[in-house]
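Below is one structure, written out as structure tokens; comments come after it.
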Amino acid sequence: MTPMTPMLPQLTVKSAALWVCVLYTLLTVISSSVQLLQGIEHDTNLHLLARFAVTVVGVGSIAIFTTLQHRFRRAPTLKAAGITYLITIAVVLTLTWVFGRFESLHPDAYRDIALNFTFVWVGVLVVITVAPRATQRLQPSRLQERRSRTRR
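Residue numbers (the working numbering): 1 to 152.
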């Protein structure tokens, strides 16, 4: 049996909304800066809405992951992560298709969104699974145990 990963607190609607606002703002500022450096001085409203939708799906992905971890405590982290990824990448690709009905997409749009979402998703997964383990190791009682072992 594999050791259980420490669980994250479940996202509330308020905390999820805060994450969406913060991430959307950061993504928009970064994207706008890159576009200005490339000489592009405008961004379409549809593109801004698409960015918002993908941000909501990303935060929703974290909410689904933490819910699966809390609901099925014995389920391995990778299984919960795999289920979450499959659900959210399907939603992201569907959103891309829907937005493509209103505005023409770049020829590599599906590949780009899949790669971008996957890399960010894997990075977030690493952070949310490693961070609780690291903080658990640094709890005061565990630090005292380590100090007493090294003094012997």
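Glycine residues also receive a C-beta, built at the ideal position from the N, C-alpha and C atoms.
Please go through the segment 3-83 and give each complete alpha helix (DSSP H) segment of 4 or more residues, from N-terminal end onward. Those alpha helix (DSSP H) runs which fall completely within the segment 3-83 and span 4+ residues are 13-37 and 45-71.
CB-CB under 8 angstroms to residue 15, same chain, minus the five flanking residues each way: which ones, in chain order? Non-local beta-carbon contacts of residue 15 in its own chain, meaning distances under 8 angstroms to residues more than five positions away in sequence, are absent.
Three-state secondary structure (DSSP) at residue 105? Of the three classes helix, strand and coil, the one that applies to residue 105 here is coil, per DSSP.
Distance check for residue 22 and residue 82, CA to CA, integer angstroms please. Distance from the CA of residue 82 to the CA of residue 22, rounded to the nearest whole angstrom, comes to 26 angstroms.
Compare the beta carbon distance of residue 19 and residue 61 with 9 angstroms and say whether it is the shorter of the two. Taking 9 angstroms as the Cβ cut-off, residue 19 and residue 61 do not qualify as a contacting pair.
Please report how far the alpha carbon of residue 13 lies from the alpha carbon of residue 130, in whole angstroms. Spanning the two alpha carbons is a distance of roughly 24 angstroms.
Using the rule of at least 16 other Cβ atoms within 10 Å of the residue's Cβ for burial, across every protein chain shown, is residue 25 buried or exposed? The residue is exposed, with fewer than 16 neighbouring Cβ atoms inside 10 Å.
Length of the line joining the Cα atoms of residue 57 and residue 89: Between residue 57 and residue 89, the C-alpha separation is close to 9 angstroms.
contact_flag[the segment 110-120, the segment 88-102] where n(CB pairs < 8 angstroms) is 3 or more: Touching, per the Cβ criterion.
What do you reckon, are the CB atoms on residue 10 and residue 67 nearer than 9 angstroms? Contact flag set, yes.
Can you give the Cα-Cα distance for residue 38 and residue 53, rounded to whole angstroms? Each residue's Cα considered, the two are about 24 angstroms apart.
Through-space distance from residue 74 to residue 116, alpha-carbon basis: Cα-Cα distance, rounded: 30 angstroms.
Going by Cα to Cα distance, which pick from 126, 78, 127 and 44 is closest to residue 105? Ranking 126, 78, 127 and 44 by Cα distance to residue 105 puts 44 first.
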